[in-house]
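Protein chains in written order, with the working numbering: chain S, 7 to 147; chain Y, 7 to 147. Even glycine gets a Cβ: it sits at the ideal position worked out from N, Cα and C. The structure presented is a predicted model; accordingly, all values stated were derived computationally and were not measured. This report refers to the structure that appears directly beneath it.
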DNA sequence: TACAGTTGTAACCATAAAAGTTACAACTAT
DNA sequence: ATAGTTGTAACTTTTATGGTTACAACTGTA
């Protein structure tokens, strides 16, 4: 089970907008051809990023443009914007048996550890900004 | 998108075997009634845990028993045993456009950060043993 | 030896989430 | 007015999961 590719698509989309946006009008078609997915998938992604206040998109005339500074956008912001994970990353079996000493206490025993692991993941995502990615990308281009 | 409940089911299963195993014969039916899922789901879980060398299961006579010491079983061992994640936790869009400066370099820019985040999660799972959970559980029972 | 209780596993179904696609109304700059 | 876009609904396909039934094979015991 994997975290949806919406996340990496969104990061790719942002890099395209922030790096190529000075030179090109970043339409959903253009971005789609870079990511290599259907333009509607990109429009859905743009919609989420716009709702999160990260970019702006002009209906009609077209083109996505930056709103927030790249230094102020972390991978975590993108991760939440596209709703990769709905609350808890770890799924839990629904109704452990309360008549059983294990079933009764499984949540008390396990939940905090799962939350810790999820937090560790998310903190790593918080430690990387779009600006970091752009720096590395500009070296490679 | 969430990590499969096979993981928490497996942890629950192990706790049942290690804590209640001295008193009861831990059949798939009994464990299933604690976890509250179909017995076949538990047999599949037991199968994975057995393949990982964590427990043993006797065909015919029945009953699952510990093999490894609880101190030597981490949540990460369980996580890998039941194959929560097939390699990379983060899904990646398949064929970014190599003609585009962003598409060409997106993997070089992003992969290590995603791997770092995944490693952070997995390291947390490595830091918790079944013995830790049993200690806490025994206080609650 | 026969049997009752189990495990191991195949097969199939139902459900849910994702992603791809088509289609089209609404918008905007020229 | 028009050409180029966006926003979004609707539908399809695919995939993973988990639930379920079924049954052969195994094992300890009467």
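Taking C-beta atoms as the reference points, residue 97 (chain Y) and residue 34 (chain S) fail to come closer than 7 Å. Membership of residue 58 (chain S) in any alpha helix (DSSP H) is not indicated, and neither H nor E is assigned to it by DSSP. Using beta-carbon distances, residue 32 (chain Y) does not count as an interface residue toward chain S, since no partner is under 7 Å.
Listed by position along chain Y, the residues whose Cβ is nearer than 7 Å to that of residue 130 (chain S) are 122, 123, 126. In the same chain as residue 85 (chain S), and ignoring 5 residues on each side of it, the C-beta atoms closer than 7 Å to its own belong to 13, 131, in chain order. Inclusion of residue 76 (chain Y) and residue 140 (chain Y) in the CB contact set at 7 Å is warranted, their separation being smaller than that value. Bridge pairing for residue 9 (chain S): Y:96 [DSSP].
Taken atom to atom, the span from the alpha-carbon of residue 125 (chain Y) to that of residue 82 (chain Y) is near 11 Å. The C-beta of residue 88 (chain S) comes no closer than 7 Å to any C-beta of chain Y. For residue 17 (chain S), the secondary structure class from DSSP, reduced to helix, strand or coil, is helix. Among the CB atoms of chain Y, one or more fall inside 7 Å of the CB of residue 8 (chain S).
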